[in-house]
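The structure under discussion appears below in the form of structure tokens.
Number of protein chains: 2
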Amino acid sequence: MNPALPLRILVADDHFIVRSGLVALIDSEPGMKVVAQGADGAQAVTLYAEHQPDVAILDIRMPGKSGTEAAEAIRQVFPNARILMLTAYNGDEDIHRALRAGAAGYILKTSTGDDLIPAIRAVAGGLRWIPYDVAGRLAARRQYETLTAREIDVLRLIAKGRANKEIAAALAISENTVKDHLKSILGKLHASARTEAVTAAVQRGIIEL
Amino acid sequence: MNPALPLRILVADDHFIVRSGLVALIDSEPGMKVVAQGADGAQAVTLYAEHQPDVAILDIRMPGKSGTEAAEAIRQVFPNARILMLTAYNGDEDIHRALRAGAAGYILKTSTGDDLIPAIRAVAGGLRWIPYDVAGRLAARRQYETLTAREIDVLRLIAKGRANKEIAAALAISENTVKDHLKSILGKLHASARTEAVTAAVQRGIIEL
DNA sequence: GAACGCATCCCCCTTTCGGGTGGTGCCGTC
DNA sequence: GACGGCACCACCCGAAAGGGGGATGCGTTC
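Protein chains in written order, with this note's numbering: chain A, 1 to 209; chain B, 1 to 209.
Right, dumping it as structure tokens:
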């Protein structure tokens with residue numbers, strides 16, 4: 001990477017105002033500039049392939065394809081993609097998801113330019129950027145298994161308040177099978193009741209409300 | 001208000017990046033400029049009194065004193081304060097709280113400059129500014145009664161997946177009473193099961209996950 | 001003081017849920 | 001071909017949920 005050339009950056013966030021803030025902060029910094037902007041994960045993937053920037057800054061929560069999904073999609077095609085995940089929340093789940101999806105670092109939306117710019121440079125240089133206060137929490141984080149497509153189908157209907165019998169009718173399967181999927185969901189999410197499963201899944205970004 | 005003088009604007013948002021975006025968008029617009037920035041509701045109140053801007057743009061959700069609380073505090077001292085509420089979410093509950101707190105307008109963080117600038121001018125001119133889709137929802141909005149404080153206590157524990165018996169123990173009341181509150185919650189939110197009540201309440205901004 | 005909302009408690013009942021055990025067929029991996 | 005994961009189905013059973021009913025006390029509002 002030639003230090004004489006400015007860092008080329010892609011930003012993706014569903015909030016136009018946030019994108020404007022990022023652009024303002026980045027473009028006013030010598031040696032880096034925003035070359036593309038997207039409003040959701042799907043756009044981020046397309047724009048990444050088109051511009052192949054040095055760093056992609058993705059909001060972790062976006063409508064449609066989320067930042068994590070976009071990161072996974074990008075890194076399937078460009079395994080060396082350097083991704084900096086942006087989030088409004090400081091929850092462990094978001095952070096872990098970001099890193100698992102292949103992000104090299106993450107920053108909070110509360111970050112000032114004094115934090116954002118070094119983070120971008122670090123990620124561009126192939127380093128990781130993880131805020132100190134949560135680096136330790138990550139290791140002790142509780143693991144959970146991934147849900148299958150069918151389990152997520154069931155979970156979405158559970159979130160709508162549907163009873164097992166109604167879910168069975170909607171998916172054209174037996175109520176026993178719905179219960180089977182539910183058992184599996186409860187086990188994987190370490191939940192003891194359907195309501196807890198739904199809130200846990202929402203917090204982890206598995207489903208949306 | 002003299003049209004020759006630029007509109008003086010206060011922005012308050014806990015996300016530095018969002019503040020930067022607002023400043024960039026506003027200051028690049030002729031006839032308006034940001035005169036003060038705050039990171040929470042308390043700062044917004046102090047800065048408002050200090051600068052007495054033409055328009056205050058407040059994030060509805062901030063740590064400590066929220067945007068709605070700040071708006072109420074400001075309008076107690078300055079009843080003619082023109083407040084534009086900013087939010088990432090468009091839950092009905094947020095919108096109602098904002099308008100009830102005395103906000104003249106309401107914009108989403110997804111808004112572009114083409115939406116933000118007219119909103120500021122409208123509010124500065126003493127008009128209301130409600131996004132079209134929000135206005136429609138407000139009119140056609142499914143009416144639901146407000147929950148009591150105790151019902152929200154119960155609902156929060158339900159959202160955590162607690163059983164009625166556990167909730168009774170946590171709140172030091174009888175399980176029958178918990179069931180009574182739940183019955184009331186289900187009726188008020190037009191839900192048929194506790195899980196649906198939780199998702200409906202989250203979507204309306206009554207509780208958070 | 002009557003009416004009302006709120007919080008509290010109690011009973012009843014039926015349905016649903018959650019957890020256990022068992023099985024089949026399919027598909028991909030080792 | 002054996003193994004594991006997945007989707008599917010079945011049965012049992014105790015616990016939990018939810019939908020009725022009625023009741024008390026305590027404030028506030030009319």
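Beta carbons are placed, not taken as given, at the ideal position from N, Cα and C, and that holds for glycine. Given the structure is predicted, the values throughout are model-derived calculations rather than measurements.
Could you spell out the range, first to last residue, of the beta strand (DSSP E) harbouring residue i?
i                : result
Ile107 (chain A) : Gly105 to Leu108
Determine, using beta carbons only, whether residue i comes closer than 9 Å to chain B.
i                : result
Arg19 (chain A)  : yes
Ala184 (chain A) : The sequence shown places Ser at residue 184 (chain A), not Ala. Judged by the 9 Å Cβ criterion, Ser184 (chain A) is not in contact with chain B.
Val154 (chain A) : no
Gln43 (chain A)  : no
Leu58 (chain A)  : no
Leu219 (chain A) : Past the edges of chain A, shown from 1 to 209, lies residue 219 (chain A), and the structure says nothing about it.
Taking 9 Å as the threshold (beta carbon to beta carbon), is residue i in contact with chain A?
i                : result
Ile167 (chain B) : no
Thr68 (chain B)  : no
Ala81 (chain B)  : no
Val23 (chain B)  : yes
Ala216 (chain B) : Outside the shown range of chain B (1 to 209) lies residue 216 (chain B), about which nothing can therefore be said.
Ala36 (chain B)  : no
Ala98 (chain B)  : no
Gly113 (chain B) : yes
Ala71 (chain B)  : no
Ala170 (chain B) : no
Leu101 (chain B) : The sequence shown places Ala at residue 101 (chain B), not Leu. Ala101 (chain B) does not count as touching chain A.
Leu7 (chain B)   : no
Ala39 (chain B)  : yes
Leu116 (chain B) : yes
Based on the DSSP secondary-structure assignment, which residues constitute the bridge partners of residue i?
i               : result
Gln37 (chain B) : B:Val11
Leu84 (chain A) : A:Ile57 and A:Gly105
Met32 (chain B) : B:Leu7
I want to verify the contact list: residues of chain A whose CB lies under 7 Å from the CB of residue i, in sequence order.
i                : result
Asp14 (chain B)  : Thr110
Ser192 (chain B) : Gly161
Counting only Cβ pairs nearer than 9 Å, list the residues of chain A close to residue i.
i                : result
Lys160 (chain B) : Thr195, Glu196 and Thr199
What span of residues does the alpha helix (DSSP H) with residue i cover, start to end?
i                : result
Leu127 (chain A) : Looking at the DSSP string, Leu127 (chain A) is not in any alpha helix (DSSP H), and its letter there is neither H nor E.
Lys179 (chain A) : Glu175 to Lys188
Ala149 (chain A) : Ala149 to Ala159
Leu171 (chain B) : Asn164 to Leu171
Thr68 (chain B)  : Gly67 to Val77
Thr146 (chain B) : Here Thr146 (chain B) belongs to no alpha helix (DSSP H), and DSSP marks it neither H nor E.
Leu20 (chain B)  : Checking the sequence shown, residue 20 (chain B) turns out to be Ser, not Leu. Its alpha helix (DSSP H) spans residues Phe16 to Asp27.
Arg194 (chain B) : Arg194 to Gln203
Ile95 (chain B)  : Asp92 to Arg100
At 8 Å on the CB atoms, spell out the chain B contacts of residue i, in chain order.
i               : result
Thr84 (chain A) : At residue 84 (chain A) the sequence reads Leu, which differs from the Thr that was named. Within 8 Å Cβ-Cβ: nothing; Leu84 (chain A) doesn't reach chain B, min ~12 Å.
Run down chain B in chain order and give the residues with a C-beta less than 7 Å from the C-beta of residue i.
i                : result
Val202 (chain A) : Leu209
Measure how close the beta-carbons of residue i and residue j come, nearest whole angstrom, since I'm counting them as under 8 Å.
i                : j                : result
Glu93 (chain B)  : Gly205 (chain B) : 3 Å
Asn156 (chain A) : Ala124 (chain A) : Looking at the sequence provided, one finds Arg at residue 156 (chain A) rather than Asn. Not a contact, Cβ separation roughly 38 Å.
Ser20 (chain B)  : Leu7 (chain A)   : That belief does not hold up - the Cβ atoms of Ser20 (chain B) and Leu7 (chain A) are roughly 18 Å apart, past 8 Å.
Val11 (chain A)  : Ile74 (chain A)  : At roughly 14 Å, the Cβ-Cβ gap does not stay under 8 Å, so Val11 (chain A) and Ile74 (chain A) are not in contact.
Val35 (chain B)  : His51 (chain B)  : 5 Å
Ala42 (chain B)  : Gly67 (chain B)  : With 8 Å as the limit, Ala42 (chain B) and Gly67 (chain B) do not qualify as a contact, their Cβ atoms being about 11 Å apart.
Val45 (chain A)  : Ile17 (chain B)  : Going by Cβ atoms, the distance from Val45 (chain A) to Ile17 (chain B) rounds to 22 Å, so no, they are not a contact pair.
Ile158 (chain A) : Val198 (chain A) : 6 Å
Quick one: list the residues of chain A neighbouring residue i, beta-carbon separation under 8 Å, in chain order.
i               : result
Ala88 (chain B) : His15 and Ala88
Should residue i be counted as a contact of the ligand COA given a C-beta to heavy atom distance under 8 Å?
i                : result
Ala101 (chain B) : As presented, the structure is devoid of all ligands, the ligand COA included, so that no description of it is given.
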